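2 protein chains.
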Amino acid sequence: MKNMTHAKYLEIAKIISQRINDGTYTSRLPLPDQETLAKEFGVSRLTVKKALDGLERQGLVYKQSGLGTFVSSNIPIKSSIDSPANMFMGLKKQLGSSNVKSEILHFSVEFPSEQIQKNLDLKSSDPVYDIVRLRIVDDLPFIIEHTYMPVTLVPNLNDEILHNSIYEYMHHTLHLKFGHAYRKIRAAKSSEYDQKYLNAKKDDPMLELEQIVWLTNGQPIEYSTSRNRYDQRDYTVLENNRF
Amino acid sequence: MKNMTHAKYLEIAKIISQRINDGTYTSRLPLPDQETLAKEFGVSRLTVKKALDGLERQGLVYKQSGLGTFVSSNIPIKSSIDSPANMFMGLKKQLGSSNVKSEILHFSVEFPSEQIQKNLDLKSSDPVYDIVRLRIVDDLPFIIEHTYMPVTLVPNLNDEILHNSIYEYMHHTLHLKFGHAYRKIRAAKSSEYDQKYLNAKKDDPMLELEQIVWLTNGQPIEYSTSRNRYDQRDYTVLENNRF
DNA sequence: GAGTGGTCTAGACCACACA
DNA sequence: GTGTGGTCTAGACCACTCC
Numbered sequence: 001m002k003n004m005t006h007a008k009y010l011e012i013a014k015i016i017s018q019r020i021n022d023g024t025y026t027s028r029l030p031l032p033d034q035e036t037l038a039k040e041f042g043v044s045r046l047t048v049k050k051a052l053d054g055l056e057r058q059g060l061v062y063k064q065s066g067l068g069t070f071v072s073s074n075i076p077i078k079s080s081i082d083s084p085a086n087m088f089m090g091l092k093k094q095l096g097s098s099n100v101k102s103e104i105l106h107f108s109v110e111f112p113s114e115q116i117q118k119n120l121d122l123k124s125s126d127p128v129y130d131i132v133r134l135r136i137v138d139d140l141p142f143i144i145e146h147t148y149m150p151v152t153l154v155p156n157l158n159d160e161i162l163h164n165s166i167y168e169y170m171h172h173t174l175h176l177k178f179g180h181a182y183r184k185i186r187a188a189k190s191s192e193y194d195q196k197y198l199n200a201k202k203d204d205p206m207l208e209l210e211q212i213v214w215l216t217n218g219q220p221i222e223y224s225t226s227r228n229r230y231d232q233r234d235y236t237v238l239e240n241n242r243f
Numbered sequence: 244m245k246n247m248t249h250a251k252y253l254e255i256a257k258i259i260s261q262r263i264n265d266g267t268y269t270s271r272l273p274l275p276d277q278e279t280l281a282k283e284f285g286v287s288r289l290t291v292k293k294a295l296d297g298l299e300r301q302g303l304v305y306k307q308s309g310l311g312t313f314v315s316s317n318i319p320i321k322s323s324i325d326s327p328a329n330m331f332m333g334l335k336k337q338l339g340s341s342n343v344k345s346e347i348l349h350f351s352v353e354f355p356s357e358q359i360q361k362n363l364d365l366k367s368s369d370p371v372y373d374i375v376r377l378r379i380v381d382d383l384p385f386i387i388e389h390t391y392m393p394v395t396l397v398p399n400l401n402d403e404i405l406h407n408s409i410y411e412y413m414h415h416t417l418h419l420k421f422g423h424a425y426r427k428i429r430a431a432k433s434s435e436y437d438q439k440y441l442n443a444k445k446d447d448p449m450l451e452l453e454q455i456v457w458l459t460n461g462q463p464i465e466y467s468t469s470r471n472r473y474d475q476r477d478y479t480v481l482e483n484n485r486f
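Written as structure tokens, this is what we have:
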């Protein structure tokens, strides 16, 4: 079947990445060559290459023309407060089984300001949600998210969804698919809001993420800023020199 | 010629991205379909697709199966202090024609600490450079970079190179090629160093980038931390939901 | 020379959007 | 149905690395 979601190259990438995880292929050593893998999986060499290209962009392997494909070495500076900046998921999914709750600090529908019109490509007559949530992880205040979304693209948003996961609602109920995002990461001084809800001290630096997220059809779906205390989270980027 | 650096798909991607820049293809409108582009460039459809895949990962276009390929809309929250976190280049190249100078605050060769051994995958007997530079842009202090590099991989480093561009030396003289990097971005309190050299006030937050960079052959080439004042720079990530 | 990954083609079929 | 992008193949040749 040539279905996108069951594409052979995705299956093969999954299998190979499992083999890297379970130690079948080990760090700094070469994988079997592409022809051999193609025979094993009963596909053409190009399909194997496509799988390996993806894994290379994700940093799991690297290739050297004329030599082979190798498993990347482990990353020694990973830590528990690392949070991938290159992901499309809500806090709940990102933190796995952790206990994530949300307190709604503000929830309204408004006509958008000029800046929000620009950021979400809207007319002044297109209403937007204006949402401020305090996300609480393991009963400790963790992050303040201020989110704007067009009402027409995300109908019927309500308190219950806000207390759980907006992302899950968008994906599983509305079947919206995220395409790309532009994220900006900066340091900032703590505001009264930060001090009140995140227990930040007056001279505690804050880490802020500002982003616009687009759907696969090119429409902006979200403009938001998220702030956390400097000692509770950092953002990581895995970058790759491939086209 | 089937040379990597003159690959057809790279040429085509370059031409298409120029056409996006000069307005031949405009925002939110479809490009010619892949078959038409293939005929125009005298290549197979797959080669055109490969070019478009790359441009899509870079956020310049987005594709919709069954509909076409479209030019992404402009990003309305770009600002002058934005600095792409997903790039392999030194300050000089990144800031273009700007006036970048470097003051050497520290330069020594040492045996690596345990942490540095881990970060650069070295033995305790492999010497490393320990470099601290203050980067000055348009005569204003901008960023403090603390860099460790293995001596064997970057021989003959000297004051003159440090005053100019280490990256240029690595690329053009040593012909080293960067493969991937893991970067960590965090907020921090200002240190005495920051206050002395970057004119940070005591309660000014700092933005810190910590990174490991690997060559295309899997060897770690650099471990570094860079700090700037919160009001002088932010990092941006363009992220993409593609494999 | 032998073995590896990189590029490219021509052709085929599938999935999806829209009329 | 028509037109779009997505996947996949078999085969070819090239560039690079090591022996």
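These protein sequence lines are chains A and B, in that order. When we follow this note's numbering, the leftmost residue of the first sequence carries the number 1, and every step to the right adds one. When we follow this note's numbering, the leftmost residue of the second sequence carries the number 244, and every step to the right adds one. Ideal Cβ placement from N, Cα and C applies to all residues, glycine included. Since this is a predicted model, take the numbers as computed values, not measurements.
Neighbour-count burial assignment, residue i, 16 or more Cβ in a 10 Å radius
{"i": "Ser356 (chain B)", "result": "exposed"}
{"i": "Glu278 (chain B)", "result": "exposed"}
{"i": "Met1 (chain A)", "result": "Unreliable placement is indicated for Met1 (chain A), whose pLDDT of 46 sits below 50; the coordinate value is still reported in the next sentence. With fewer than 16 other Cβ atoms within 10 Å, it is exposed."}
{"i": "Ile221 (chain A)", "result": "buried"}
{"i": "Leu29 (chain A)", "result": "exposed"}
{"i": "Gly42 (chain A)", "result": "exposed"}
{"i": "Thr416 (chain B)", "result": "exposed"}
{"i": "Lys321 (chain B)", "result": "exposed"}
{"i": "Thr269 (chain B)", "result": "exposed"}
{"i": "Glu403 (chain B)", "result": "exposed"}
Span of the beta strand (DSSP E) around residue i
{"i": "Gln307 (chain B)", "result": "Val304 to Gln307"}
{"i": "His406 (chain B)", "result": "Segment Asp402 to His406 is the alpha helix (DSSP H) holding His406 (chain B); no beta strand (DSSP E) there."}
{"i": "Arg271 (chain B)", "result": "Arg271 (chain B) -> no beta strand (DSSP E), and no H or E assigned at all."}
{"i": "Ser326 (chain B)", "result": "Asp325 to Pro327"}
C-alpha distance - residue i paired with residue j, whole-angstrom precision
{"i": "Val380 (chain B)", "j": "Val128 (chain A)", "result": "41 angstroms"}
{"i": "Glu346 (chain B)", "j": "Asp33 (chain A)", "result": "48 angstroms"}
{"i": "Pro84 (chain A)", "j": "Gly96 (chain A)", "result": "13 angstroms"}
{"i": "His414 (chain B)", "j": "Phe88 (chain A)", "result": "34 angstroms"}
{"i": "Val237 (chain A)", "j": "Leu441 (chain B)", "result": "25 angstroms"}
{"i": "Ile75 (chain A)", "j": "Ser108 (chain A)", "result": "43 angstroms"}
{"i": "Arg176 (chain A)", "j": "Pro398 (chain B)", "result": "Checking the displayed sequence, the identity of residue 176 (chain A) turns out to be Leu instead of Arg. Distance between the alpha carbons of Leu176 (chain A) and Pro398 (chain B): 52 angstroms."}
{"i": "Arg472 (chain B)", "j": "His106 (chain A)", "result": "31 angstroms"}
{"i": "Gly422 (chain B)", "j": "Val71 (chain A)", "result": "13 angstroms"}
{"i": "Ser190 (chain A)", "j": "Arg183 (chain A)", "result": "20 angstroms"}
{"i": "Glu40 (chain A)", "j": "Leu153 (chain A)", "result": "45 angstroms"}
{"i": "Arg376 (chain B)", "j": "Val132 (chain A)", "result": "41 angstroms"}
{"i": "Val304 (chain B)", "j": "Ser17 (chain A)", "result": "29 angstroms"}
{"i": "Ile255 (chain B)", "j": "Tyr436 (chain B)", "result": "48 angstroms"}
{"i": "Lys101 (chain A)", "j": "Asp82 (chain A)", "result": "20 angstroms"}
N- and C-terminal bounds of the alpha helix (DSSP H) containing residue i
{"i": "Gln117 (chain A)", "result": "Glu114 to Leu120"}
{"i": "Thr290 (chain B)", "result": "Arg288 to Arg300"}
{"i": "Phe284 (chain B)", "result": "Gln277 to Phe284"}
{"i": "Tyr473 (chain B)", "result": "No alpha helix (DSSP H) contains Tyr473 (chain B), which DSSP labels as neither H nor E."}
{"i": "Tyr197 (chain A)", "result": "Glu192 to Tyr197"}
{"i": "Leu91 (chain A)", "result": "Leu91 to Gln94"}
{"i": "Met255 (chain B)", "result": "Going by the sequence as given, residue 255 (chain B) is Ile instead of Met. Its alpha helix (DSSP H) spans residues Lys251 to Asn264."}
Counterpart residues of residue i in DSSP-defined beta bridges
{"i": "Arg133 (chain A)", "result": "A:Ile104 and A:Glu145"}
{"i": "Leu215 (chain A)", "result": "A:Phe178"}
{"i": "Lys427 (chain B)", "result": "A:Thr236 and B:Glu453"}
{"i": "Pro463 (chain B)", "result": "B:Trp457"}
{"i": "Ser226 (chain A)", "result": "A:Glu145 and A:Leu209"}
{"i": "Phe486 (chain B)", "result": "DSSP, once it has assigned bridges, lists no residue as partnering Phe486 (chain B)."}
{"i": "Gly311 (chain B)", "result": "B:Gln307"}
{"i": "Val151 (chain A)", "result": "According to DSSP, which records beta bridges pairwise, Val151 (chain A) is partnered with nothing at all."}
{"i": "Glu168 (chain A)", "result": "Looking at the DSSP assignment, Glu168 (chain A) forms no beta bridge with any residue, so it has no partner."}
{"i": "Lys432 (chain B)", "result": "B:Pro448"}
Within-7 angstroms CB hit, residue i to chain B
{"i": "Gln64 (chain A)", "result": "yes"}
{"i": "Tyr182 (chain A)", "result": "yes"}
{"i": "Asp126 (chain A)", "result": "no"}
{"i": "Ala38 (chain A)", "result": "no"}
{"i": "Ile144 (chain A)", "result": "no"}
{"i": "Pro76 (chain A)", "result": "yes"}
{"i": "Phe243 (chain A)", "result": "yes"}
{"i": "Glu110 (chain A)", "result": "no"}
{"i": "Glu239 (chain A)", "result": "yes"}
Below-7 angstroms beta-carbon distance, residue i vs any chain A residue
{"i": "Thr479 (chain B)", "result": "yes"}
{"i": "Arg429 (chain B)", "result": "yes"}
{"i": "Pro448 (chain B)", "result": "yes"}
{"i": "Lys361 (chain B)", "result": "yes"}
{"i": "Tyr473 (chain B)", "result": "yes"}
{"i": "Phe421 (chain B)", "result": "yes"}
{"i": "Gly333 (chain B)", "result": "no"}
{"i": "Gly266 (chain B)", "result": "no"}
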